[in-house]
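Protein chains in written order, with the working numbering: chain A, 18 to 154; chain B, 18 to 154; chain C, 666 to 1128; chain D, 666 to 1128.
The following block contains the structure:
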């Protein structure tokens, strides 16, 4: 069961008038009960693929809006737009993607601090690939 | 069971007047209960492959010890060894299996009453195939 | 030889190209949309790059993204496959301008073959038979009536700039022509901004016969024999064979020579196909169009000739000469292909994408499968519904038919409906078994075939 | 033609036979042990019958069960496949006595080919070269010493009634012979109740070259060319090819003619194989044995000749004459087979049965797969460990090697280890690529090949 299917099942349960639901498959089992917030004692087995403890939260990333070469700076001899630790305003350029000799500016989605630059200068960035991680502030 | 089948099952349960539903298949089991939010006490999900409710019990069968032709009687003009309803003693012949013109007698494993003859006279019986069902007595 | 090829396509043809590259020790770059991240060829390629979202216009049709990916991954060539940008002359030019070898003919050759009326004129000049029709445009109803009388009804009125079935009208008699002319001209003006019309005789109950072409840069243009692709539903081919049963050796030779002239007339390079209509009399053939790419059904030609066409594309694009002559091309045995599509014939061929819950392909002697499916993968709703191509090769046509029946019996796909059962019915239909299918066969016999499938299904339920 | 065939075997060869029957419109009866109830061919057969428990002696080797099943299901013929009862002369006779066509040669032909020393004498009489050795038995050490001196050391002392490697001793020099003679004679007496010995020259670093035979009931005996099966581990073939690279046309013709004489000498009918040792000089060849059944590696011959050998078996058994002549048998291109076994080369080839958790077979042009696996099925621990045969066909040997490398890269099986990686290493080994493998190659080079696999695996872990 994929996570999406899991969410669908929970939604289905919520829409229903069921009090409990227990489901067990070969490599997977789940128990749902309604309201109260009291989880059944003794703990339902954790569904496969779903982490019990909260996953280490990854910071949000700016992703490549198109495939192209990733550049950290406006020119090789210029300082980078957004080095690690830089405080960046929403809408400020954080890097460039070059495709067919056209430079596209990639903008910060919010005020943030740059946590990591994920690609080397000049490297290929695929569509949707994370480029920089940031912490909103 | 696909997810769609699962949702259909829940919908069917909801339309019904059932209080609880427990289903177990080879690699799958489910429990549903209605309303209230009170889960049945003590209840770990049912392990895969273990039946929750007793399955409808099939009577035991005498099976073919080798592949061959199944005969109910010692000769075409003779009465059958073990017609339905007959009381049979342990070790008594219940049918014959013929392979390579050799007749093998198949014997009753215990005192019993014949409930059903599962093959037609002269038909091919595969190795291990059920031939007659009986009720021990 | 080329070193690294960008495969600008998806699905089974992307895998087909990857295999040919791998066997020539060429590296491969797979490009994919977000919908195809789990595709088989993406996992097998030397390198894979996501080039855009699921929508083809923003990924597989996005020339900038493809060229950027090719440049940044160090490719020296682009293979366009079929569909998508494979017959886009501007893309061929753009590849060239970017210093990449476009694995196909020049942009100009694509343009020439692509323009219907220009191609018609050029073919006539090259001595390739075209459907009888008007000399050039018919600029008035009177012109059209005269031309129609000369060739005989029924006729087709066609927009010179036409395509996709627009600006075309059939006229069965003189009385229908004036209204049809006005309608078609108006539609052509509206659709293409150009109301110029020409007229052709309509070939009734034709067969679709096509010839495979290979041409290198050194002036060698060969054909690799014919295919019969008459089993079509609304111009979508379903079952293809090589060779065509209906051709006599003399006709095959004449058509093959015409196909070679057609390719030479547009300065062709690479693998291409010249399509003909063969008249119901089995004697007269007419140039229909030239496809400037590898075709879905190329495998049947490979099976009967033993020539790996995608390999030849890669060698030609590497600047090598063909290493065999027309006389050395021999056709042995008979090959049939069935296209397996994720569609439900009982529901008007509605596409049925989904996840492959169980998959078993037929195997054994004389069987070839081209597919990018694997158990657990999803067949995406964003692109065409082709799931697999099953191909067989046997000494005779009847043996090939029996082998294909056996293959369709073995083939098992759970997760979504396919047209496999329909193809199975066709393989038992007396018209098909006799080799008598025209392009009208499937559309005419579909109710009968579907009814038979339904009765088979009902029987099986009873059992 | 035969109407209904009992397939007295299991695994891929049972499926192979089923496919050939289906393509000839013959019905099939699959027999299976309780361990094989879910097997693919059992599900595809016209009818399937369980004949016994997992143990082969009580199921696939149980003649009574097989004959009973054949009679009660209305079969008119029995195909024994390979292994199990396929070379059991008594079973062939029992089929005949039961009114069933045994698809293979007569019991007498099987007996003649099966007796080592009798076959040797018969071959010599028919002008088929046999290894130089003693005339008949060597009844004393003195006889043995004289014979050894005549042929030259090293020599093999062999029990006339021998088999399975028992009663055989190698002698490198005169001094070793007396002790070896005594030992071998004692072993032969103990094992076979017969201490008669003969002596043969030991062929050093030979190649295993075999010829495929087809013979009908009308006196036509043909060969379908040669196979090189020198890549063996402890006499288990791993990779086979057709044709053998090392044969000159003249030698091929001479060996082919000898193979035909060998088959004629035992009154052969059906498909069979004559195995030769080819000396390291590449000039001298010696009859080794005749296998009176279809062989595992028959597919490489099918690929290069275009002849379906199982189909021919069924036609011959139906009483039909071969419909082609020796001159019409042409070999085109090169074919290679890799046997994929469920075994772990790193653990001394320990068999590793298990459940197939994921399966993807290679496909595309020039690729054939023969396997009874499907995703989710179990490979049983009761029988041999062969999981699949991958076969390729290409115009040249080098192209075939590259295609097979590509296939092994694509092939994916999760659930148990296989020897696929080892075969992949062999396909890159310079000795193999040059075509220089003798039967000693794999045993000698195994440490090197396994070491390379280990280093590849270590690299991959690092990445």
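Where is the CB? At the ideal position from N, CA and C, for every residue including glycine.
{"Check": "C-alpha gap between residue 1032 of chain C and residue 1040 of chain C, whole angstroms", "Outcome": "20 Å"}
{"Check": "Cβ pair count under 8 Å reaching 3, the segment 844-854 of chain C against the segment 871-890 of chain C", "Outcome": "no"}
{"Check": "Limits of the unbroken beta strand (DSSP E) element including residue 706 of chain C", "Outcome": "Note, residue 706 of chain C: premise wrong, no beta strand (DSSP E); alpha helix (DSSP H) at 705-709."}
{"Check": "Cross-chain neighbours of residue 895 of chain D in chain C, by beta carbon under 7 Å", "Outcome": "The contacting residues do not exist; residue 895 of chain D stays about 24 Å from chain C at best."}
{"Check": "For residue 1026 of chain C and residue 1076 of chain C, believed in contact at Cβ under 8 Å, the rounded distance", "Outcome": "6 Å"}
{"Check": "Contact between the segment 995-1009 of chain C and the segment 1054-1062 of chain C (3+ Cβ pairs under 8 Å)", "Outcome": "yes"}
{"Check": "Among A/26, A/40, A/79 and A/135, the one whose alpha carbon lies nearest that of residue 145 of chain A", "Outcome": "A/79"}
{"Check": "Unbroken alpha helix (DSSP H) run spanning residue 728 of chain D, endpoints", "Outcome": "728-737"}
{"Check": "Cβ-based burial, residue 848 of chain C [other Cβ within 10 Å; buried from 16]", "Outcome": "exposed"}
{"Check": "Near-chain D residues of the segment 978-1005 of chain C (beta-carbon distance less than 8 Å), N- to C-terminal order", "Outcome": "997 and 998"}
{"Check": "Residues, ordered as in the chain, of the segment 848-875 of chain D that lie near chain B by beta-carbon distance below 9 Å", "Outcome": "none"}
{"Check": "Nearest neighbour of residue 85 of chain B, chosen from B/137, B/101 and B/150 [CA to CA]", "Outcome": "B/137"}
{"Check": "Chain D contact for residue 65 of chain B (CB, 9 Å cutoff)", "Outcome": "Because residue 65 of chain B sits at a pLDDT of 38, beneath the cut-off of 50, its placement in the model cannot be relied upon, and the following sentence gives the value as read from the coordinates. Chain D, which has no Cβ nearer than 9 Å to the Cβ of residue 65 of chain B, makes this no."}
{"Check": "Enclosing beta strand (DSSP E) for residue 1086 of chain D [first to last residue]", "Outcome": "Counting along the chain, residue 1086 of chain D falls outside any beta strand (DSSP E), though it belongs to the alpha helix (DSSP H) covering 1085-1093."}
{"Check": "DSSP-derived helix/strand/coil call for residue 931 of chain C", "Outcome": "coil"}
{"Check": "For residue 1040 of chain C, three-class secondary structure by DSSP", "Outcome": "coil"}
{"Check": "Neighbour flag for residue 1036 of chain D against chain C, beta carbons, 9 Å", "Outcome": "yes"}
{"Check": "6 Å CB neighbourhood of residue 711 of chain C in its chain, flanking five on each side removed", "Outcome": "692 and 693"}
{"Check": "Inter-residue CB distance, residue 695 of chain C and residue 975 of chain C (contact presumed, cutoff 8 Å)", "Outcome": "Going by Cβ atoms, the distance from residue 695 of chain C to residue 975 of chain C rounds to 15 Å, so no, they are not a contact pair."}
{"Check": "For residue 793 of chain C, the first and last residue of its enclosing alpha helix (DSSP H)", "Outcome": "Element bounds for residue 793 of chain C: n/a, residue is neither H nor E."}
{"Check": "Length of the line joining the Cα atoms of residue 898 of chain C and residue 1091 of chain C", "Outcome": "12 Å"}
{"Check": "Cβ distance (whole Å) where residue 669 of chain C is taken to contact residue 740 of chain C below 8 Å", "Outcome": "5 Å"}
{"Check": "Inside the segment 800-883 of chain D only - beta strand (DSSP E) runs reaching at least 3 residues", "Outcome": "820-828, 831-836, 862-866 and 872-880"}
{"Check": "Partners in chain B for residue 672 of chain D, counting only beta-carbon separations shorter than 7 Å", "Outcome": "Simply none; closest approach about 15 Å."}
{"Check": "Beta carbon proximity, residue 730 of chain C to chain A, threshold 9 Å", "Outcome": "yes"}
{"Check": "Helix, strand or coil at residue 1096 of chain D according to DSSP, with G and I counted as helix", "Outcome": "helix"}
{"Check": "7 Å Cβ cut-off: residues of chain B touching residue 714 of chain D", "Outcome": "84, 141 and 143"}
{"Check": "Local conformation of residue 1072 of chain C per DSSP, three classes", "Outcome": "helix"}
{"Check": "DSSP-derived helix/strand/coil call for residue 1010 of chain C", "Outcome": "helix"}
{"Check": "Contact check, residue 1062 of chain C vs residue 1029 of chain C, beta carbons under 9 Å", "Outcome": "no"}
{"Check": "Per-residue burial, residue 1093 of chain D [other beta carbons within 10 Å of its own, 16 or more giving buried]", "Outcome": "exposed"}
{"Check": "Contact with chain A by residue 150 of chain B, beta-carbon distance below 9 Å", "Outcome": "no"}
{"Check": "Touch test, the segment 830-838 of chain C against the segment 784-802 of chain C, Cβ-Cβ under 8 Å, three pairs minimum", "Outcome": "no"}
{"Check": "Assigned secondary structure, residue 898 of chain D (DSSP; H/G/I helix, E/B strand, else coil)", "Outcome": "strand"}
{"Check": "Where the beta strand (DSSP E) through residue 693 of chain D begins and ends", "Outcome": "692-698"}
{"Check": "Reduced DSSP secondary structure (H/G/I, E/B, other) of residue 55 of chain A", "Outcome": "Because the pLDDT at residue 55 of chain A is just 36, under 50, the model does not fix this residue reliably, and the value given afterwards should be weighed accordingly. Three-state result, residue 55 of chain A: coil."}
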